[in-house]
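A.B. asks:
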DNA sequence: CATGTAAATACAATCGATTGTATTTGAGCT
DNA sequence: AGCTCAAATACAATCGATTGTATTTACATG
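Chains as they are written, first to last, in our numbering: chain A, 20 to 360; chain B, 20 to 360.
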């Protein structure tokens, strides 16, 4: 019953050595003979010794843990990003504590504190839609915990971020729609307090302007971009006196649901009656017919870049600027949903 | 620079009290006056005190952490399961360390040790395709760390598991295909060392048998069920002298890629030339045209059930049997891909 | 053989919180 | 005032590992 875990003291007892020698032996310190190290390692593996990371972390003040906050784990972009993060930090001997905010401010705050309580050595975060106050994030910085944002970042928090050029990508999408002959281009936007949706909106506007089209604010529908919002949005557009001939959605989720809604009774054709484009290149976009034009944004690559940068900051190798912006390339993926036959 | 974290000792100094009193005050012990508790809480929040979970964990031997091992975070089923897990454990004051095995045995082993090193209080695992030895998992059990498997479980490890009835679900799918008039039903199977693929295969065979159809082993294609395997599988089937008239795939990934391959030049019609069914009800199955018949298997529900059960075991509330099998309901989702017009 | 010196190892404090035991405080009573 | 007794708080050990300092060991040298 008294089945405690094996500690360095147990090894020490077996070898009539002091626990400090065991510790040094296991950490390959030059202060211990090769012969002793050998003996220690042998006994350690015989006893099935495994270090207690809580003890090590407490003593060394390094938890070997990094915290990740994302809105939704199960969104393809974020789970890919986490996958990328995990691959990078795993190699460096770190592990990852994952929290999801459900796009909710209060949960994001409590996640942030939970990560701090665990004394994570760094944080990777993509902020929630609801987040408009950022004290919890600045506090993390103030505690000297490096934080790197990816995809969604808060204004005014001085930190590095890994992003894509949302403005440019949205510009390209819009320009592509224009090049296909569309003139009345609608837009589904997300909450403008988030950089990504603001930038995508701005890119859309700029493209229209550069091609001498006037942006019609009645054709811009703002929502939280959940699947149902796509349906609500397309219903709204269909109720307009002058129908748009194209639609650029700020994410794939709404593009897909809007497109399915349009196609469901066969009376409406995509792209002939309305061209559609989305954003993120999530798996379903290549499966829907016609394929959904979208922007490829590799979650995995973004996650990897953010993790690498964070580890560099943890190590104090911040050679590049403190608030560096790392931009990952995107690619416009043109598929049938936007192409005039 | 010397910006150490705030500890209970700092609070103690501020109030000329002992740190033990602070600890008891913050833990609402009856041994401290209400008045003192009030003062302690006030100073604690003024100083921005946050408990160090490594210290607490070391002392109490309870890390408030549970470990999760999945093959791939970014697979919809698993990210949904993680989402469910996270929701449950979060409420109980636990957090989650996530590892992915990439369906690789060695990584799964090293993940397992990493979780042990962190002294997780419990483990939720879905084993890798490559895993045929299970010592690492039995060791965890032997260390008295509760482990609950979900979806994929190893044979011979005595532990609770949360699963679906793969046999029954596969039987239903096959029977449905038969009811649609299909007689030559092919099957894409996964590695048979995994319960889920073995059971799905068995359910398929039993349904055929019960309907007086003979299973033709040349129509069973075994692979690791990645998208490319679906293409390879369908090419193989197309090369057979007698084409199958239906195909039941052990996962959606291969069903989708096979279906897209068949449809790509328009010469082949699904379901008329070949009916197809998949397994898992991943998002794309409702987007492809025709919709893919599949089995709904709620990752979130499975994750929640597994997490609840694990927490019960951690708490020692194992009223139900030690090796209980919790079966989550599935639902056959019939869509166009399998229905005779 | 005594001694100096470097190598090898032991001792002890520490990280931050918890907890069993010991001590102090103060109210109530004679 | 002296005393009791319970309430409130202080003391000190502990969790497992690390690390600066002290001590022992062993070998070489005069």
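Idealized CB from N, CA, C, for every residue including glycine.
Residues bridged to residue 166/B by DSSP?
C.D. replies: Indexing the second chain from 1 puts residue 166/B at position 147. According to DSSP, which records beta bridges pairwise, residue 166/B is partnered with 142/B.
A.B. asks: What is the DSSP secondary structure of residue 292/B, counted as helix, strand or coil?
C.D. replies: Start at 1 with the first residue of the second chain, and residue 292/B comes out as number 273. Here residue 292/B sits in coil by DSSP.
A.B. asks: Is there at least one Cβ from chain A nearer than 9 Å to residue 115/B's Cβ?
C.D. replies: The residue you call residue 115/B lines up with position 96 of the second chain. Yes - at least one Cβ of chain A is within 9 Å of the one on residue 115/B.
A.B. asks: May I ask you to list the residues that DSSP assigns as paired with residue 346/A?
C.D. replies: Reading the first chain from its first residue, position 327 is the one you call residue 346/A. Answer is 182/A, bridged to residue 346/A.
A.B. asks: Is it the case that the Cβ atoms of residue 142/B and residue 324/B are separated by a distance below 9 Å?
C.D. replies: Position 123 of the second chain, counted from the first residue, corresponds to residue 142/B. Position 305 of the second chain, counted from the first residue, corresponds to residue 324/B. Against a cut-off of 9 Å, the Cβ pair of residue 324/B and residue 142/B comes out as no contact.
A.B. asks: My assumption, with CB atoms under 8 Å, is that residue 123/B sits in contact with residue 88/B. Please give the rounded CB distance.
C.D. replies: Against the second chain, residue 123/B aligns to sequence position 104. Against the second chain, residue 88/B aligns to sequence position 69. In fact, because the Cβ distance is near 11 Å, the residues do not count as touching under 8 Å.
A.B. asks: Could you work out which residues of chain B lie near residue 136/A, taking near to mean beta carbons separated by less than 8 Å?
C.D. replies: Taking the first residue of the first chain as 1, we reach residue 136/A at position 117. What residue 136/A touches in chain B: 69, 70, 71, 72.
A.B. asks: So what's residue 356/A in DSSP terms, helix, strand or just coil?
C.D. replies: Locating residue 356/A in the first chain gives position 337, counting from the first residue. It is helical.
A.B. asks: Which partner residues does residue 285/B have in the DSSP bridge list?
C.D. replies: The residue given as residue 285/B occupies position 266 in the second chain. In DSSP, residue 285/B forms no bridge with anything.
A.B. asks: Nearest to residue 90/B by CA position, among 101/B, 327/B, 137/B, is which residue?
C.D. replies: The count along the second chain starts at 1 and reaches residue 90/B at position 71. Residue 90/B has its Cα closest to that of 101/B, out of 101/B, 327/B, 137/B.
A.B. asks: Using only alpha-carbon positions, find the residue among 257/A, 140/A, 60/A that is nearest to residue 17/A.
C.D. replies: What is shown of chain A runs 20 to 360, which leaves residue 17/A out entirely.
A.B. asks: Cα separation between residue 92/B and residue 119/B?
C.D. replies: As a working mapping, residue 92/B is identified with position 73 in the second chain. As a working mapping, residue 119/B is identified with position 100 in the second chain. Each residue's Cα considered, the two are about 6 Å apart.
A.B. asks: Residue 133/B versus chain A: which residues are under 7 Å apart at the beta carbon?
C.D. replies: Along the second chain, read from residue 1 onward, the residue named residue 133/B stands at position 114. Per Cβ cutoff of 7 Å: 114.
A.B. asks: Less than 8 Å between C-beta atoms, sequence neighbours within five positions excluded: which residues of the same chain meet that for residue 214/B?
C.D. replies: Counted from its first residue, the second chain places residue 214/B at position 195. Counting only Cβ-Cβ distances below 8 Å, and skipping sequence neighbours, we find 171, 172, 174, 182, 185.
A.B. asks: May I ask you to list the residues that DSSP assigns as paired with residue 209/A?
C.D. replies: The sequence position of residue 209/A within the first chain is 190, counting from 1. Partner(s): none; residue 209/A has no beta bridge.
A.B. asks: Compare the C-beta of residue 95/A against all C-beta atoms of chain B and say whether one is closer than 9 Å.
C.D. replies: Within the first chain, the letter at position 76 stands for residue 95/A. So, interface residue.
A.B. asks: List the residues of chain B whose Cβ lies closer than 9 Å to the Cβ of residue 105/A, in chain order.
C.D. replies: Numbered from 1 along the first chain, position 86 holds the residue referred to as residue 105/A. Within 9 Å Cβ-Cβ: 92, 117, 118, 119.
A.B. asks: For residue 168/A and residue 24/B, I'd like the C-alpha separation in whole angstroms.
C.D. replies: Along the first chain, read from residue 1 onward, the residue named residue 168/A stands at position 149. Along the second chain, read from residue 1 onward, the residue named residue 24/B stands at position 5. Using only the alpha carbons, I get a separation of about 24 Å.
A.B. asks: Would you identify the three-state DSSP class for residue 336/B, choosing helix, strand or coil?
C.D. replies: Within the second chain, the letter at position 317 stands for residue 336/B. Residue 336/B: coil per DSSP, three-state reduction.
A.B. asks: Hey, does residue 307/B have any beta-carbon neighbour from chain A nearer than 9 Å?
C.D. replies: Residue numbering aside, residue 307/B sits at position 288 when the second chain is read from its first letter. It does; some Cβ of chain A falls within 9 Å.
A.B. asks: Measure from the alpha carbon of residue 35/A to the alpha carbon of each residue in 62/A, 53/A, 224/A, 48/A, then state which is nearest.
C.D. replies: Counting from 1 along the first chain, the entry for residue 35/A is found at position 16. Comparing Cα positions, the closest option is 62/A.
A.B. asks: Going by DSSP, name the residue or residues bridged to residue 315/B.
C.D. replies: Taking the second chain and counting its residues from 1, the one referred to as residue 315/B is at position 296. Per DSSP, 299/B, 350/B.
A.B. asks: So residue 263/A and residue 293/A are in contact, right, with Cβ under 8 Å, and what is the actual spacing, rounded?
C.D. replies: Here residue 263/A refers to the residue found at position 244 when the first chain is read from its first residue. Here residue 293/A refers to the residue found at position 274 when the first chain is read from its first residue. Between residue 293/A and residue 263/A the Cβ distance is about 7 Å, and since that is below 8 Å, they are a contact.
A.B. asks: Which residue marks the beginning of the alpha helix (DSSP H) containing residue 128/B, and which one marks its end?
C.D. replies: Within the second chain, numbered from 1, the residue matching residue 128/B stands at position 109. It spans 124-136 - the alpha helix (DSSP H) in which residue 128/B sits, taken as one unbroken run.
A.B. asks: Using the C-alpha atoms, what's the distance from residue 299/A back to residue 275/A?
C.D. replies: Walking along the first chain from the start, residue 275/A turns up at place 256. Walking along the first chain from the start, residue 299/A turns up at place 280. Cα to Cα, residue 275/A sits roughly 12 Å from residue 299/A.
A.B. asks: Would you call the CB atoms of residue 359/A and residue 290/A closer than 9 Å?
C.D. replies: In the first chain, counting from the first residue as 1, residue 359/A sits at position 340. In the first chain, counting from the first residue as 1, residue 290/A sits at position 271. For residue 359/A and residue 290/A, yes; Cβs fall inside 9 Å.
A.B. asks: What does a CB cutoff of less than 6 Å around residue 109/B pick up in its chain, not counting 5 residues either side in sequence?
C.D. replies: The sequence position of residue 109/B within the second chain is 90, counting from 1. Taken in chain order, the list of residues that qualify is empty.
A.B. asks: For a test of the three-state rule: what should DSSP assign to residue 158/A, helix, strand or coil?
C.D. replies: Within the first chain, numbered from 1, the residue matching residue 158/A stands at position 139. Helix, per DSSP.
A.B. asks: Measure the alpha-carbon distance for residue 218/A versus residue 249/B and round it to whole angstroms.
C.D. replies: Position 199 of the first chain, counted from the first residue, corresponds to residue 218/A. Position 230 of the second chain, counted from the first residue, corresponds to residue 249/B. Cα to Cα, the separation comes out at about 39 Å.
A.B. asks: Under 8 Å, with one C-beta from each stretch per pair, do the stretch 45-64 of chain B and the stretch 228-239 of chain A reach the 3-pair mark?
C.D. replies: No: fewer than three Cβ pairs fall under 8 Å.
A.B. asks: With DSSP run on the structure shown, which of helix, strand or coil describes residue 341/A?
C.D. replies: In the first chain, counting from the first residue as 1, residue 341/A sits at position 322. Of the three classes helix, strand and coil, the one that applies to residue 341/A here is coil, per DSSP.
A.B. asks: Once DSSP output is grouped into helix, strand and coil, what is the label at residue 24/B?
C.D. replies: Along the second chain, read from residue 1 onward, the residue named residue 24/B stands at position 5. It is coil, neither helix nor strand.
A.B. asks: Got a sec: is the Cβ-Cβ distance from residue 77/A to anything in chain B below 9 Å?
C.D. replies: Working through the first chain from its first residue, we reach residue 77/A at position 58. At least one chain B Cβ lies under 9 Å of residue 77/A.
A.B. asks: Between residue 156/B and chain A, is any beta-carbon pair separated by less than 9 Å?
C.D. replies: Along the second chain, one-based indexing puts residue 156/B at 137. Chain A contact via Cβ: absent.
A.B. asks: Whose C-alpha, out of 196/B, 205/B, 222/B, 200/B, is nearest the C-alpha of residue 187/B?
C.D. replies: Counting from one through the second chain, the residue named residue 187/B turns up at place 168. Closest option to residue 187/B, Cα to Cα, is 222/B.
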